[in-house]
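Chemist: Structure provided below as structure tokens; questions to follow.
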Amino acid sequence: MAAAVTPVCALFYFMTPGLWDDTATASEDYFVEKIDERVNEQYQKQVAREQKKPGYRRQTREQIRVKLEQTPPITGRDLCVFIGLLVARTISPNKEKLQHHWKTTDEGAIPRGCFGRFMTRDRFAHVSRNLHFSSNTDPRAATDRAWKLRPVIEALQETFRAGYMPPPVMAFDEAMFPSRSSFNIMRVFEVYLGKAGSADGVALRDERTGPVSVVRNLRAAFGDGPFPEKRLIVIDRFYTSVPLTMQLWTMGYYSVGTVQTNRKGLAAQIVPPKKAKKKEQSRPAGIERGTLTYAESSLVPRMRTTKWWDNRPVYLLSIGGSTEVDRIVRRAKSGVQEEVVCPRIVKDYQTFMGRVDHMPIQTVDTRRGNTDGVKKRRQRACKVCSVLKEKVTGGDTSFQCSACKLKTIDQKTGELKESPVYLCNKVKHSFDGQARTYFEIWHTCWRNGTFKPSRGKRKLRVRVTEDGEAAATDDEGTPQPQRHRVVMTTSS
-8 MAAAVTPVCA LFYFMTPGLW DDTATASEDY FVEKIDERVN EQYQKQVARE
42 QKKPGYRRQT REQIRVKLEQ TPPITGRDLC VFIGLLVART ISPNKEKLQH
92 HWKTTDEGAI PRGCFGRFMT RDRFAHVSRN LHFSSNTDPR AATDRAWKLR
142 PVIEALQETF RAGYMPPPVM AFDEAMFPSR SSFNIMRVFE VYLGKAGSAD
192 GVALRDERTG PVSVVRNLRA AFGDGPFPEK RLIVIDRFYT SVPLTMQLWT
242 MGYYSVGTVQ TNRKGLAAQI VPPKKAKKKE QSRPAGIERG TLTYAESSLV
292 PRMRTTKWWD NRPVYLLSIG GSTEVDRIVR RAKSGVQEEV VCPRIVKDYQ
342 TFMGRVDHMP IQTVDTRRGN TDGVKKRRQR ACKVCSVLKE KVTGGDTSFQ
392 CSACKLKTID QKTGELKESP VYLCNKVKHS FDGQARTYFE IWHTCWRNGT
442 FKPSRGKRKL RVRVTEDGEA AATDDEGTPQ PQRHRVVMTT SS
């Protein structure tokens, strides 16, 4: 946790100095391996240039080789600077050419002298064309499909295993397993025993998907030996099954998770039959919210199938969990939060799975694209662009400040509405002769919009009154009619 205080600390914690040196050595070996090929390519280019320009004199192959061999070797520091410049380019991209980052004069929105202070353009190109993490001459390169990244993978695995302290409660969902599909995240997962395979006529079992991968990850994190104290494993609805629960019990783990009703081995008294004409979609009027029904297995001790009524029935499969009555906060249809009776296993599942179960960030504010079924993030007008641009257009950016909120009070209804402050994530304008990002202009130069310059007439601005409260006025300083009041707040 101490190494993750800043992103830079986390990067250098996982990317150890030995990995930087090994990468530099592999890159230098690749340069030596390809030097003959590059000498011939440069010689052919010089011959073609000599034919087009009679005054040009080509170099011999020996001269070209000597010049290439005089190139300084790639070091770990060069790789660190190279990665840092790539990160800077990601934050402030250049749509024209990469070489424009090394310009000595300002050209449009491209600031001058940024990249050249850390690495020359030719050195950056040399590192880029020779970057390798492993040697291509190794025999394992022909059999290992991930050989080009194998040293990085091994270094990350060793560093993570050495610095990770497994908590007493762990949760597994789709974020813990790899997915290669951009349309259906559940497509590649095998639910029960993994994908079938064979090698030389011998049946194999895939250990990368489904419950088998859960067992593999637990063994890698905790080992195979028995434990003096049991741990609780919280599982997502898609992965919970009776075989997985029994396997975790034999390994010394408690488990709890919501379960699909089509899983084999569940209690028939709790789970409705598959051939039922009408499934229970919502809670009947005669059943109170929080009603609990469970059945314990007669073959596996302490394994229970639980049915808990919320707005809809919730089915859970647990082993070693407690069914004691507890309370959980739920929201009623009226919008008021209230406490609902529930078993202890429901509260454990909600507590621990709710912290790791992920969802795509900022997916609420979306619009339908040109193609059916495609959603795109809605773009808003940037607060800085609306002042500095000559022509104001809507839909400049979809990035917003996580700290600032624009509060508007409607005088008619008295409702307080909050809206985010949208800002571009690029360097397009300069302030006081210095190129700055939009976030720096809004927060540092304009003091969170308080000192925003005027643009035209009758534009809303954020001004601080005598009593210290921010209010909306027009560009000439005259207070506007009492229609709305705009207040800028920044959370600490």
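Positions -8 to 483 (the working numbering) are the ones given, in order, by the sequence shown.
Glycine included, every Cβ here is placed at the ideal spot set by N, Cα and C.
For Y306, is the beta carbon positioned less than 7 Å from some heavy atom of the ligand ZN?
Modeler: Absence of the ligand ZN is noted for the structure shown, with no ligands found whatsoever.
Chemist: For the putative contact between I55 and Y34, defined by C-beta atoms under 8 Å, what is the C-beta separation to the nearest angstrom?
Modeler: Residue mapping note: residue 55 aligns to position 64 of the sequence shown, counting from 1. Residue mapping note: residue 34 aligns to position 43 of the sequence shown, counting from 1. At roughly 6 Å, the Cβ-Cβ gap stays under 8 Å, so I55 and Y34 are in contact.
Chemist: What residue from D317, F73, T51 and C0 has the CA that sits closest to N121's CA?
Modeler: Reading the sequence shown from its first residue, position 130 is the one you call residue 121. Considering only alpha carbons, the answer is F73.
Chemist: Let me check one thing: in DSSP terms, what residues is L379 bridge-paired to?
Modeler: The residue you call residue 379 lines up with position 388 of the sequence shown. Bridge partners of L379: none, in fact.
Chemist: What first and last residue would you give for the alpha helix (DSSP H) that runs through C71?
Modeler: On the sequence shown, residue 71 is found 80 positions in, with the first residue counted as 1. Start and end: G67 to I82.
Chemist: Where does F328 sit, in a helix, a strand or coil, going by DSSP?
Modeler: Within the sequence shown, the letter at position 337 stands for residue 328. Per the sequence shown, residue 328 should be read as Gln rather than Phe. Of the three classes helix, strand and coil, the one that applies to Q328 here is strand, per DSSP.
Chemist: Give a yes or no on whether the C-beta atoms belonging to A146 and L2 are separated by under 8 Å.
Modeler: If you number the sequence shown from 1, residue 146 lands on position 155. If you number the sequence shown from 1, residue 2 lands on position 11. In this structure, L2 does not lie closer than 8 Å to A146 by Cβ.
Chemist: Look at E24 and I65 and say whether their C-beta atoms are less than 8 Å apart.
Modeler: Taking the first residue of the sequence shown as position 1, residue 24 is located at position 33. Taking the first residue of the sequence shown as position 1, residue 65 is located at position 74. No, the Cβ-Cβ distance between E24 and I65 is not below 8 Å.
Chemist: If you check the beta carbons only, do T7 and F124 fall under 8 Å apart?
Modeler: Start at 1 with the first residue of the sequence shown, and residue 7 comes out as number 16. Start at 1 with the first residue of the sequence shown, and residue 124 comes out as number 133. For T7 and F124, no; Cβs fall outside 8 Å.
Chemist: Take Y245 and list the residues in its own chain whose beta-carbon comes closer than 6 Å to its own, dropping the five residues that flank it on each side.
Modeler: The sequence position of residue 245 within the sequence shown is 254, counting from 1. Contacts found: K221, L223 and G311.
Chemist: Measure the Cβ-Cβ separation of V378 and C392 and say whether it is below 8 Å.
Modeler: Within the sequence shown, the letter at position 387 stands for residue 378. Within the sequence shown, the letter at position 401 stands for residue 392. Not in contact: V378 and C392 (Cβ atoms no closer than 8 Å).
Chemist: Mapping the DSSP letters down to three states, classify Y506 as helix, strand or coil.
Modeler: Since the displayed the chain opens at -8 and closes at 483, residue 506 lies outside it and no answer follows.
Chemist: Measuring alpha carbon to alpha carbon, tell me which of I319, M237 and Y306 ends up nearest Q251.
Modeler: Counting from 1 along the sequence shown, the entry for residue 251 is found at position 260. It is Y306.
Chemist: When you compare each of A258, V38 and V225 to T249 by their alpha carbons, which one comes out closest?
Modeler: For the purposes of this step, residue 249 is identified with residue 258 of the sequence shown, where counting begins at 1. The option with the nearest alpha carbon to T249 is V225.
Chemist: Out of T150, L235, A259 and D227, state which residue places its alpha-carbon closest to the alpha-carbon of A212.
Modeler: Mapped onto the sequence shown, residue 212 falls at position 221. Among T150, L235, A259 and D227, the Cα nearest to that of A212 belongs to T150.
Chemist: Considering only the beta carbon of each residue, do V316 and V337 sit closer than 8 Å?
Modeler: As a position in the sequence shown, residue 316 is number 325, starting the count at 1. As a position in the sequence shown, residue 337 is number 346, starting the count at 1. No, Cβ-Cβ distance for V316 and V337 is not below 8 Å.
Chemist: With DSSP as the reference, please indicate the residues paired to R295 in a beta bridge.
Modeler: Residue mapping note: residue 295 aligns to position 304 of the sequence shown, counting from 1. According to DSSP, R295 bridges with E287 and S309.
Chemist: Among the candidates D227, V320 and V262, whose CA atom is the shortest distance from the CA of R295?
Modeler: Here residue 295 refers to the residue found at position 304 when the sequence shown is read from its first residue. Out of D227, V320 and V262, V262 has the C-alpha closest to the C-alpha of R295.
Chemist: Nearest by alpha-carbon distance to P304: which of E287, E279 and A372 is it?
Modeler: For the purposes of this step, residue 304 is identified with residue 313 of the sequence shown, where counting begins at 1. Comparing Cα positions, the closest option is E279.
Chemist: Below 8 Å between beta carbons: does that hold for H117 and F106?
Modeler: Counting from 1 along the sequence shown, the entry for residue 117 is found at position 126. Counting from 1 along the sequence shown, the entry for residue 106 is found at position 115. Cβ atoms of H117 and F106: not closer than 8 Å.
Chemist: If you compare alpha carbons, which of D69, N31 and G277 is closest to T495?
Modeler: The requested residue 495 does not occur in the structure, where the chain is confined to residues -8 to 483.
Chemist: Work out the CA separation of P292 and A259 for me, nearest whole Å.
Modeler: Residue 259 sits at position 268 when you count from the first residue of the sequence shown. Residue 292 sits at position 301 when you count from the first residue of the sequence shown. If I take the Cα positions, the gap works out to 17 Å.
Chemist: Starting from E24, trace the alpha helix (DSSP H) in both directions and tell me its first and last residue.
Modeler: One-based indexing of the sequence shown puts residue 24 at position 33. Per DSSP, E24 belongs to the alpha helix (DSSP H) from P8 to E24.
Chemist: So V30 packs on R52, CB below 8 Å; how close in whole Å?
Modeler: Translated into positions along the sequence shown, residue 30 becomes position 39. Translated into positions along the sequence shown, residue 52 becomes position 61. Sure, about 6 Å apart at Cβ, within 8 Å.
Chemist: What would DSSP say about Q370, mapped onto helix, strand or coil?
Modeler: For the purposes of this step, residue 370 is identified with residue 379 of the sequence shown, where counting begins at 1. DSSP places Q370 in coil when its eight states are reduced to three.
Chemist: What would DSSP say about A132, mapped onto helix, strand or coil?
Modeler: Counting from 1 along the sequence shown, the entry for residue 132 is found at position 141. Three-state result, A132: helix.
Chemist: Which residue marks the beginning of the alpha helix (DSSP H) containing K58, and which one marks its end?
Modeler: Walking along the sequence shown from the start, residue 58 turns up at place 67. Where K58 is concerned, the enclosing alpha helix (DSSP H) stretches over R52 to E60.
Chemist: In angstroms, rounded to a whole number, what distance separates the CA positions of T111 and T435?
Modeler: Taking the sequence shown and counting its residues from 1, the one referred to as residue 111 is at position 120. Taking the sequence shown and counting its residues from 1, the one referred to as residue 435 is at position 444. In a straight line, the C-alpha of T111 is about 31 Å away from that of T435.
Chemist: What separation, rounded to the nearest whole angstrom, lies between the Cα atoms of R210 and D301?
Modeler: Here residue 210 corresponds to residue number 219 of the sequence shown, with the count starting at 1. Here residue 301 corresponds to residue number 310 of the sequence shown, with the count starting at 1. Between R210 and D301, the C-alpha separation is close to 35 Å.
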